[in-house]
Each structure stands twice: as structure tokens, then as C-alpha cells.
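According to the UniProt record's numbering, the stretch in the sequence shown is residues 1 to 133, in order. Glycine residues also receive a C-beta, built at the ideal position from the N, C-alpha and C atoms. All of these numbers come straight from a predicted model, not from anything done at the bench. In what follows, a single structure is set out as C-alpha cells and then discussed.
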Amino acid sequence: MDYATRFVEAVPLHKIDTESVAEALVDIYSRLGVPEEVLSDQGTQFISDCMKEVCRLLGIKQKTTIPYHPMCNGLVERFNATLKTCLRRLCSEQPPQWHQYTNPLLFAYREVPRESRHLPHSSCSMGGLCEGP
């Protein structure tokens, strides 16, 4: 999540090991740009030597939250809860298909106007409104 614009990105992964997470982040960065810094929890996939090397190579300052204190990354935790709730509701009859709903849900979330600017997340980060149904 970009804290300035509240723009979110999520990628469905079969497993959340270091290599899978690193590949997903590099893919995101190649599409949206490389951030100056990244804040994550202290999950092993984020604090591993591999992830430290990825951040070093890309020039990213790596920051971590305090252990067992999810409030440090509250916006991300809240978004994760919202996404999980939406996925559960959409996939109650076909749970194995949850990954198919991720991108449409992200689009819908990004198009909800922000309270502070009355603009959708996408217009704050991408400079214009996205056309949707």
C-alpha cells in the first residue's frame, strides 16, 4: 500500500515463501515503480537474506514493524481484513476459485473515493479516473 495515496496492490500466491514474495514484489515494482522504502511485518519472507538483497539491489530502504504489534502497519492490516472478507463472501460456494476475484476486488477498492480528497485511490496515484462499470 502506498501510504500517501492509499493505492493498494495484491497478488495471489500459492505459497508465501521468500522467493515467491520477492518475485511478486519485483513484478509489482516493474509495473508501478520502485519505492524508496518498504514497511513490512517481521515475517521470515520479509526479513530473509534474499529479501534484504533484493532491497539492496533495488535501492529500497527496508523497515519492519515491532513484533506482535500490527497497529504499526494498521492501514495494510485493515485492507487485508477487508480483502479477506470480500473474498470469503464471493467464494463461499467455490473456495478454490478465490484467486480469480482478486483483481476485480482491487479495482473496486481503488475506485472508492477517499474521504480526505473525495477522489478514488487510482486517481490520486495514477493521475486520472479509471473507467469502470
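ILE60 sits away from VAL26, with the two beta carbons spaced by 8 Å or more.
Beyond the five residues adjoining it in sequence on each side, THR65 comes within less than 8 Å, by CB distance, of LEU39, SER40, ASP41, GLN42, CYS72, ASN73 in the same chain, given in chain order. The continuous stretches of beta strand (DSSP E) do not include GLU23, which lies in the alpha helix (DSSP H) extending over residues 18 to 32. Nearest to GLU23 by alpha-carbon distance, out of GLU93, PHE46, GLN97, ARG78, is PHE46.
Approximately 6 Å separates the beta-carbon atoms of LEU106 and ALA10; this is inside 8 Å, confirming the contact. Rounded to the nearest angstrom, the gap between the Cα atoms of VAL112 and PHE7 is 11 Å. The straight-line gap separating the alpha-carbon atoms of LEU83 and TYR101 is approximately 10 Å.
In terms of CA proximity to ASP17, CYS50 leads the group SER30, CYS50, GLU36.
PRO35 is not bridged by DSSP to any residue. Residue burial is scored here from C-beta neighbours: ARG31 has fewer than 16 other C-beta atoms within 10 angstroms and is therefore classed as exposed.
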